[in-house]
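Protein chains in written order, with the working numbering: chain A, 1 to 120; chain B, 1001 to 1882.
Structure (structure tokens):
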């Protein structure tokens, strides 16, 4: 899959597509749920995907911090319902734009792969 | 914004670390809470949380890496880690850095010399097309050209775009405070054009300026312009008076310009062919330079000039018989004598650098063995192999960089010290050394050295560690703390390295030994005189002030008399040339009563006064010295040296024989034979020479040297000598008085031999030290790795003496291999430097034996310490340590 190159609006989706999809999942989670901490994001991905998608939980943090560096998400420290300090992430405007782009290119990817698989 | 924040994050590292740790901890805590809520025991809940989370350390490091400047942070932390590693083991770090810095500093400083002398282009346009030209004779290839020959060569040659000649002159410069001696370069008009040099101010000489009757013009050297004219721009057009003739200054040369064959030069003057010498084809007084036409090779040019020379020899057999032409690159003339020395030096430092690198690489290898366990543990804990290699690479790099910085500082110092090895009288001959500094070339060289050594330091342990990380030895390493594999690999590899080191040190020591011996021989050559307590200075009586020869003779006698009357003076003499000089100035000679068939026999010709031989302490073999009575109107006589007797009067008694030096028009009678005096450089054989009374010389001996033997140390007399002579006539042109031993000591040949012996000696000393350290390292390492084995041996009843012998045998075998290899290598090396040796064979047995002895003692000392340690191993401790 990572060897696929899909062209859409001049945007080339390639490189590490697994990372790309993790970004997409995180951004989508924050879009659906608003403010959330890392643990909440992992849980949401698992429940929303009917436990189909399992994320190695530790690996979400480098991704979160990278996305924050890119300005797609913002963060702040806050208390959880159980009165524990946790870092909460939220989507920025740039993140919303990125999510739209990522969704589109993922759709293209899925369409392309599906077409490829159905080709007789 | 990202990058700036990441970089600034680097400085807030601990805070970021804390925040990330807290964030990850919170995650695990949340999961644990929920697990407990869903009914798990607290322990199982925490365990499940950690398993789901994955490698916490790795996640944290990767997250930190994102926040810090991605890779940059990793590199910074690697450097931090590397420095910590080096600090934790200061013995290793200091040894490695000092050893490497020594090698690098030596290489860098010698390279700076090589760069200044050989790599920086000569300050001329397209210098590779410039040739030096000479007339060749049976005596040698580089003899002067006569003016008329020059005109014919210039007119007839087809190989050169231009051809010019030069000579030097010492003229009296009129200054408000009296006459001063100044060195002048006298050149044909096209000289600067041929070199392709544009003056800094004004113009070069133009065509026609070297013809009789042309207005007299002069060009200033940059130093003269600075010192004498205070760098004034309006100097052009003013006049300078040299030997009572006014010259108009038309130009100033750039600061970088130098012309070694004439340096030092204060004033450049056009050659005016108005003296007798210019009308005489047999008066050879010039050397030439020429620029090759495009497409003409040096050989073609030489063939062209030789054909012309042959034609001239047929046309003018009296003056030009047997004279050919020599063409060689100008750079060869200027740098030819530097090239062999510098290449030997460069080879020397490269060998040294090799030893240093080998030592440090071997130390690193030893350390990588010692750290095998640590590395294996880090690998087991999840450090990727690239990450580990990156860390090791950083360590190697840190070593190389530290050493390079240290080496650059040391090289600066070494360069200053090396420049001090060059006597002041030699600096004009090597003006390019004035531009010696740490320039871009040298820095680039230093960087290359650092890069190569860093690469070596990375590759060697990396290969070793890659095996560990790949798991091949992981279990082994974890189990035993790293010992098993060592024996075979390191002992084999390390001992090869040490054998090479010892061989290298041997080669250098032999080189140093041969050079020192040759220098000793040189200084103790019999030069036929006793230079101690002799002072010398040179005086010129201008023909403008004293036109009559008799006046000149009277003046000279007056000067000598006044000098002789100075307190503390033992005797005084004068001569046209000093011993241990260039060894030039020769005449054609023939013997009365022998058939003469136009043979071209040249011998050295020296004008001396009666006091000369006794003053310098020459040895009279037969006959008599000159006396005061041998004046201009007395029968002409001469004294000849032993070499002349050997060559031209074998088995004959030359006393009373008559010799002519003017093609038979007048004859002089031999009255004495003097033992050979070294007239030329110390390292050349003494040539046949004849000495005539200075008063009987054609021009009354106007340019002469005074030699004075003093009762007190001659240095104290030098200022008094000059002032006494100045008092007689302030218009006399004097040189700086020098002492004769200093003159011999600083003569180019002595300098050359002394400097090379010193330098190679220094290298050899360092190499010996490094080789000993290397051997010590290998043997000590081997002993430390074999502690258990030795413990078992001793426990089983081995005598301590036999353990001693076992270790010494191991070291001795290595040393013997290294030394024999080195001896073979040194035979090749000394064959290469045969040119530098004087009175010493390349395979000098005494030197080889001494070096072998020194190496044997040094290697024995180096292996004695670890052998002692081995013999004193306590078997109980050695075995319990397992």
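Even glycine gets a Cβ: it sits at the ideal position worked out from N, Cα and C.
Quick check on DSSP: helix, strand or coil for residue 1707 of chain B? Start at 1 with the first residue of the second chain, and residue 1707 of chain B comes out as number 707. Three-state DSSP puts residue 1707 of chain B in a strand.
Closer than 8 Å to chain B by CB, residue 38 of chain A: The sequence position of residue 38 of chain A within the first chain is 38, counting from 1. It does; some Cβ of chain B falls within 8 Å.
Residues that DSSP places opposite residue 1166 of chain B in a beta bridge: Mapped onto the second chain, residue 1166 of chain B falls at position 166. For residue 1166 of chain B, which the question treats as bridged, DSSP gives the partners B/1187, B/1287.
If we call anything under 8 Å between Cβ atoms a contact, is residue 1706 of chain B one with residue 1572 of chain B? For this step, residue 1706 of chain B is matched to residue 706 along the second chain. For this step, residue 1572 of chain B is matched to residue 572 along the second chain. Taking 8 Å as the Cβ cut-off, residue 1706 of chain B and residue 1572 of chain B qualify as a contacting pair.
Rounded Cβ spacing between residue 1284 of chain B and residue 1145 of chain B (contact assumed at less than 8 Å): On the second chain, position 284 is the one that residue 1284 of chain B refers to. On the second chain, position 145 is the one that residue 1145 of chain B refers to. That pair is a contact at about 6 Å.
Cβ shell of residue 1660 of chain B (< 6 Å), same chain only, five flanking positions each side left out: Within the second chain, numbered from 1, the residue matching residue 1660 of chain B stands at position 660. Only 1590, 1667 meet the Cβ criterion.
Identify which residue in B/1531, B/1117, B/1277, B/1224 has its Cα closest to the Cα of residue 1147 of chain B. Walking along the second chain from the start, residue 1147 of chain B turns up at place 147. Considering only alpha carbons, the answer is B/1277.
Is residue 1607 of chain B helix, strand or coil when you go by DSSP? Your numbering for residue 1607 of chain B matches position 607 in the second chain. Here residue 1607 of chain B sits in strand by DSSP.
Residue 1132 of chain B to residue 1396 of chain B, Cα distance in whole Å? The sequence position of residue 1132 of chain B within the second chain is 132, counting from 1. The sequence position of residue 1396 of chain B within the second chain is 396, counting from 1. Each residue's Cα considered, the two are about 50 Å apart.
Beta carbon of residue 1575 of chain B, beta carbon of residue 1181 of chain B: below 8 Å? Taking the second chain and counting its residues from 1, one reaches residue 1575 of chain B at position 575. Taking the second chain and counting its residues from 1, one reaches residue 1181 of chain B at position 181. It is not a contact, given that the beta carbons lie outside the stated cut-off.
Classify residue 1863 of chain B as helix, strand or coil using the three-state DSSP reduction. Taking the first residue of the second chain as 1, we reach residue 1863 of chain B at position 863. Looking at residue 1863 of chain B - three-state DSSP - the assignment turns out to be helix.
Residues of the stretch 65–82 of chain A in Cβ contact with chain B at a cutoff of 8 Å, in chain order, please. 65, 66, 69, 70, 71, 80, 82
Proximal residues of chain B, C-beta to C-beta of residue 61 of chain A below 9 Å: Walking along the first chain from the start, residue 61 of chain A turns up at place 61. Those are 1020, 1023, 1024, 1027, 1059, 1060, 1062, 1063, 1066, listed as they occur along chain B.
In this structure, how does DSSP classify residue 1479 of chain B when only helix, strand and coil are distinguished? By one-based count along the second chain, residue 1479 of chain B stands at place 479. Any reading at residue 1479 of chain B must be qualified, since the residue scores a pLDDT of 45, below 50, and its modelled position is unreliable; no value is offered.
With a threshold of 7 Å (Cβ to nearest heavy atom), would residue 1364 of chain B be considered close to the ligand NAP? Ligands displayed in this structure: none; no statement on the ligand NAP is therefore possible.
Opposing strand residues paired with residue 1160 of chain B [DSSP bridges]: The residue labelled residue 1160 of chain B in the question sits at position 160 within the second chain. Answer is B/1292, bridged to residue 1160 of chain B.
Beta-carbon proximity check, residue 1522 of chain B vs residue 1683 of chain B, cutoff 8 Å: Position 522 of the second chain, counted from the first residue, corresponds to residue 1522 of chain B. Position 683 of the second chain, counted from the first residue, corresponds to residue 1683 of chain B. Cβ distance < 8 Å, so residue 1522 of chain B and residue 1683 of chain B count as in contact.
In this structure, how does DSSP classify residue 1650 of chain B when only helix, strand and coil are distinguished? Taking the first residue of the second chain as position 1, residue 1650 of chain B is located at position 650. Three-state DSSP puts residue 1650 of chain B in coil, outside helix and strand.
According to DSSP, is residue 1583 of chain B part of a helix, a strand, or is it coil? Position 583 of the second chain, counted from the start, is the residue given in the question as residue 1583 of chain B. Residue 1583 of chain B falls in the coil class under three-state DSSP.
Round the Cβ separation of residue 1274 of chain B and residue 1212 of chain B to the nearest angstrom and send it over; I've been treating them as touching at under 8 Å. As a first step, residue 1274 of chain B is located in the second chain; it is residue number 274 there, counting from the start. As a first step, residue 1212 of chain B is located in the second chain; it is residue number 212 there, counting from the start. About 5 Å separates the two Cβ atoms, so the contact holds.
Pick helix, strand or coil for residue 1448 of chain B, following the three-state DSSP scheme. For this step, residue 1448 of chain B is matched to residue 448 along the second chain. In this structure, residue 1448 of chain B counts as helix in the three-state DSSP scheme.
If you draw a straight line from the C-alpha of residue 1406 of chain B to the C-alpha of residue 1105 of chain B, how long is it? Counted from its first residue, the second chain places residue 1406 of chain B at position 406. Counted from its first residue, the second chain places residue 1105 of chain B at position 105. The straight-line gap from Cα to Cα measures roughly 8 Å.
Nearest to residue 1874 of chain B (by Cα), restricted to the options B/1799, B/1857, B/1550: Numbered from its first residue, the second chain carries residue 1874 of chain B at position 874. Nearest of B/1799, B/1857, B/1550 to residue 1874 of chain B, Cα basis: B/1799.
Specify, as a first and last residue, the run of the beta strand (DSSP E) that residue 47 of chain A falls within. Numbered from 1 along the first chain, position 47 holds the residue referred to as residue 47 of chain A. No beta strand (DSSP E) contains residue 47 of chain A, which is instead part of the alpha helix (DSSP H) from 38–48.
Starting from residue 1355 of chain B, follow its DSSP beta bridges and name the residues at the other end. On the second chain, position 355 is the one that residue 1355 of chain B refers to. According to DSSP, residue 1355 of chain B bridges with nothing at all.
What's the gap between the Cα of residue 28 of chain A and the Cα of residue 1079 of chain B? Position 28 of the first chain, counting from 1, holds the residue named residue 28 of chain A. Position 79 of the second chain, counting from 1, holds the residue named residue 1079 of chain B. The alpha-carbon atoms of residue 28 of chain A and residue 1079 of chain B are separated by roughly 40 Å.
Output needed for residue 1299 of chain B: all residues of its chain with C-beta closer than 6 Å, excluding positions within five of it in sequence on either side, in chain order. On the second chain, position 299 is the one that residue 1299 of chain B refers to. For residue 1299 of chain B, where only same-chain residues beyond five positions count, there are no Cβ hits under 6 Å.
Given a cut-off of 8 Å, decide if residue 1632 of chain B and residue 1559 of chain B are closer than it, judged by their beta-carbon atoms. Against the second chain, residue 1559 of chain B aligns to sequence position 559. Against the second chain, residue 1632 of chain B aligns to sequence position 632. Against a cut-off of 8 Å, the Cβ pair of residue 1632 of chain B and residue 1559 of chain B comes out as no contact.
Is residue 1056 of chain B close to chain A, meaning its C-beta is less than 8 Å from at least one C-beta of that chain? In the second chain, counting from the first residue as 1, residue 1056 of chain B sits at position 56. Closer than 8 Å to some Cβ of chain A, the Cβ of residue 1056 of chain B qualifies, so yes.
Please specify which runs of the alpha helix (DSSP H), each continuous and at least 4 residues long, are wholly inside the stretch 1772–1796 of chain B, giving them in chain order. Listed in chain order, they are 1787–1795.
Can you list the residues of chain A that residue 1052 of chain B reaches, using a CB-CB cut of under 7 Å? For the purposes of this step, residue 1052 of chain B is identified with residue 52 of the second chain, where counting begins at 1. Here the neighbours are 57.
Once DSSP output is grouped into helix, strand and coil, what is the label at residue 948 of chain B? Because chain B spans 1001 through 1882 in this model, residue 948 of chain B falls outside it and cannot be assessed.
Residues in its own chain within less than 7 Å of residue 1871 of chain B by CB, not counting five upstream and five downstream? By 1-based counting over the second chain, the position of residue 1871 of chain B is 871. 1800, 1803, 1804, listed in sequence order.
Quick check: what's the CA-CA separation for residue 1127 of chain B versus residue 1783 of chain B? If you number the second chain from 1, residue 1127 of chain B lands on position 127. If you number the second chain from 1, residue 1783 of chain B lands on position 783. Roughly 59 Å between the two C-alpha positions.
Same chain, Cβ closer than 6 Å to residue 1867 of chain B, five either side skipped, listed in chain order: The count along the second chain starts at 1 and reaches residue 1867 of chain B at position 867. Cβ neighbours of residue 1867 of chain B beyond the five flanking positions: 1804, 1807, 1808.
Around the C-beta of residue 201 of chain A, are 16 or more other C-beta atoms found within 10 angstroms, so that it is buried, or is it exposed? Given a span of 1 to 120 for chain A in the structure shown, any question on residue 201 of chain A remains unanswerable.
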